[in-house]
Amino acid sequence: MPALTLREILALDPVRAAEPELLAGHTALDRPVRWVHSSEVYEGANFLDGGELLLTNGFGLMDADDEVRRRYVRELASRGVAGLAVEVGRSLPAMPAEVVDEARRRELPLLAMHRVVPFVRITEAANRAIVARGLSGRAVVRPWGDDHTAALLADLADRAALNQPEVEARAALAGFHPGPGARLVGVSLHGTREVGTVDRAVRLLGGAGVLRAAFPGDVLALLSLPGARPGDPVKAVQKVFRKAADPGLTVAVGHAVSGSQGGWLRWSDTLRAARTTLELALTVPAAEPASPDGPLVTSSRALALERELTRGGVDANRERLAALVQHALGPLLAWEAAHPSDLVRTLETHLRNGCSPTRTAALLHIGRQSLYQRLDRIESLLDLDINDPDLLGELLTATCAHRVVREGARGRDLYGSAARVRPAPTHPHPAYQRTA
100 MPALTLREIL ALDPVRAAEP ELLAGHTALD RPVRWVHSSE VYEGANFLDG
150 GELLLTNGFG LMDADDEVRR RYVRELASRG VAGLAVEVGR SLPAMPAEVV
200 DEARRRELPL LAMHRVVPFV RITEAANRAI VARGLSGRAV VRPWGDDHTA
250 ALLADLADRA ALNQPEVEAR AALAGFHPGP GARLVGVSLH GTREVGTVDR
300 AVRLLGGAGV LRAAFPGDVL ALLSLPGARP GDPVKAVQKV FRKAADPGLT
350 VAVGHAVSGS QGGWLRWSDT LRAARTTLEL ALTVPAAEPA SPDGPLVTSS
400 RALALERELT RGGVDANRER LAALVQHALG PLLAWEAAHP SDLVRTLETH
450 LRNGCSPTRT AALLHIGRQS LYQRLDRIES LLDLDINDPD LLGELLTATC
500 AHRVVREGAR GRDLYGSAAR VRPAPTHPHP AYQRTA
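Using our numbering, you'd call the opening residue of the sequence shown number 100 and step up by one each time.
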């Protein structure tokens with residue numbers, strides 16, 4: 100199905116209510132309209148991509164001289180806009196003659212809007228119509244076929260060129276309506292090609308909205324939790340996925356963002372955080388042992404340190420990480436090289452759990468007395484008190500860095516050759532990218 104044309108835009112009720120008068124470009128009414136924008140920036144033509152219908156109240160044209168007005172029209176025409184609609188009678192008493200003349204020279208459709216209609220009504224109606232037409236006649240071949248929800252999630256994960264009205268319109272068409280104060284959380288799953296796990300988690304949450312779609316190898320979802328829901332939304336999402344996901348699945352949860360503040364970029368941020376976290380969860384050894392009879396469910400906050408250490412890749416940071424580890428843990432590494440033990444892992448688990456002996460012993464599946472013996476050995480080798488608040492940051496960073504690089508150097512000198520652990524991605528998984 101062809102794109103929506105300027106002629107069809109003019110037939111929409113909010114546009115007709117503005118009583119538009121076509122002053123130029125009578126032969127160009129069948130131009131396709133890619134989007135409808137409103138702007139009062141009269142030097143911003145270079146920000147347009149072409150195909151837009153631009154709405155303006157004309158305030159900037161009122162005191163401009165003839166040449167500035169003509170240049171404004173020329174720049175819009177050179178950018179390939181579909182048309183210019185100017186509100187007259189309020190800020191601008193009448194359409195300037197030189198604007199009409201230049202528009203006719205350039206065959207640019209020029210509309211005088213004689214009644215005041217809030218531009219938001221026009222843009223909302225027009226852009227919803229454009230999105231609906233585009234989705235119903237999508238020509239791009241994607242691995243998920245005609246799944247419009249998948250198309251939107253892919254665009255968000257890829258941070259494609261979008262704007263808030265477009266995102267909201269496409270989300271609404273998919274039945275996704277984040278309410279006032281809603282908190283959005285991105286989720287990425289590996290190990291399944293079905294969305295049933297997400298659906299089960301949503302039912303357990305109760306009252307949550309969701310956009311979810313299956314991609315080759317992975318499932319991506321954006322959850323909306325009501326603003327009135329008490330508690331930490333990330334913890335709530337993790338909790339339900341531990342119940343809903345089958346053993347062997349890996350579930351990565353992004354951070355919580357506002358559904359209304361910050362716009363679609365925040366929606367994109369939590370989805371991208373979930374994807375980056377999934378990559379880390381699949382490539383970096385876990386800090387704590389996973390339950391053998393359950394899924395691995397983690398979050399972007401839990402892997403924040405790993406993300407920072409691998410920014411730019413392990414190879415690019417190898418020397419820095421090696422120096423950091425050697426400075427903080429040198430005697431401990433030398434001991435482990437000569438005596439089979441698990442002291443570095445014990446130290447990291449202990450630090451990550453607030454130095455709680457009960458929690459650490461339970462996670463390592465050892466008795467408290469055995470744990471105390473390990474901690475005494477660690478303190479003796481490092482000649483420090485691991486409960487010293489001034490040392491916690493350094494020790495935790497060093498133990499994490501040691502874990503990040505050890506898989507890439509297994510069976511070799513740990514810091515003598517390049518690590519093979521993949522860095523966190525700077526772009527979404529290829530499955531999320533559009534294909535022509």
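No residue lacks a Cβ here, since even glycine has one placed at the ideal position from N, Cα and C.
Excluding its 5 nearest sequence neighbours in each direction, R311 has C-beta neighbours in its own chain below 6 Å: V294, V297 and A320, listed in chain order. DSSP places H289 in the uninterrupted beta strand (DSSP E) bounded by R282 to H289. Your pair S398 and V333 checks out as a contact, with CB atoms roughly 6 Å apart and the cut at 8 Å. If you ignore the 5 residues before and after G188, its C-beta comes within less than 7 Å of the C-beta of H213, all in its own chain and listed in chain order.
For the set A250, G326, V356 and R169, the Cα lying nearest the Cα of G305 is the one of G326.
A residue is called buried once 16 or more other Cβ atoms fall within 10 Å of its Cβ, and A437, having fewer, is exposed.
R292 counts as exposed, since fewer than 16 other C-beta atoms from the protein chains shown sit within 10 angstroms of its C-beta. Sixteen is the threshold: when 16 or more other Cβ atoms of the shown chains lie within 10 Å of the Cβ of E201, as they do, the residue is buried. Secondary structure in the segment 343–383: the alpha helix (DSSP H) runs of 4 residues or longer, each lying completely within the stretch, are 363–382 in chain order.
A distance below 7 Å separates the beta carbons of D165 and E197. As a beta-bridge residue in DSSP terms, H136 pairs with L153.
Non-local beta-carbon contacts of A116 in its own chain, meaning distances under 7 Å to residues more than five positions away in sequence, involve R214 and V216 in chain order.
Note on P192: under 16 other CB atoms within 10 angstroms of its CB, so exposed under the neighbour-count rule. Annotation for F158: the continuous alpha helix (DSSP H) segment containing it runs F158 to M161. The Cβ neighbour count for E447, taken over all protein chains shown within 10 Å, is at least 16; the residue is labelled buried. Bounds of any alpha helix (DSSP H) do not take in T104, whose DSSP letter is neither H nor E. Excluding sequence positions up to five before and after Q263, its CB lies within less than 8 Å of the CB of G362 and W363, all in the same chain and listed in chain order. Rounded to the nearest angstrom, the gap between the Cα atoms of V172 and R205 is 8 Å. From the listed residues D148, D489, P113 and A102, the smallest Cα separation to D129 is found for A102.
Contact check for A300 against F340 passes: the beta carbons are separated by less than 7 Å. In the three-state scheme derived from DSSP, where H, G and I count as helix and E and B as strand, E120 is classed as strand.
Under the criterion of beta carbons closer than 8 Å, A225 and G285 do not qualify as touching, at roughly 29 Å. CA-to-CA, the gap between P113 and L324 works out to about 33 Å.
The C-beta distance from G149 to E186 rounds to 23 Å, too long to meet the 8 Å contact threshold. With fewer than 16 other Cβ atoms inside 10 Å of its own Cβ, H426 counts as exposed.
Annotation: S323 is outside any alpha helix (DSSP H); the continuous beta strand (DSSP E) that includes it extends over D317 to L324.
For T498, the uninterrupted alpha helix (DSSP H) segment begins and ends at P488 to R505.
Bounds of the beta strand (DSSP E) holding V309 are G308 to F314.
Runs of alpha helix (DSSP H) with 4 or more residues, each lying fully within the segment 173–243, are found at 196–205 and 218–235, listed in chain order.
Across the structure, L370 and D257 are spaced so that their CA atoms are roughly 9 Å apart. Spanning the alpha carbons of R220 and G308 requires a straight line of approximately 26 Å. Secondary structure of T397 (DSSP, three-state): strand. Going by beta carbons, L402 and L432 fall outside the 7 Å limit. L147 places its beta carbon 7 Å or farther from that of R170. The C-beta distance from L442 to A497 rounds to 13 Å, too long to meet the 8 Å contact threshold.
Per DSSP, the continuous alpha helix (DSSP H) segment holding S479 begins and ends at R467 to L481.
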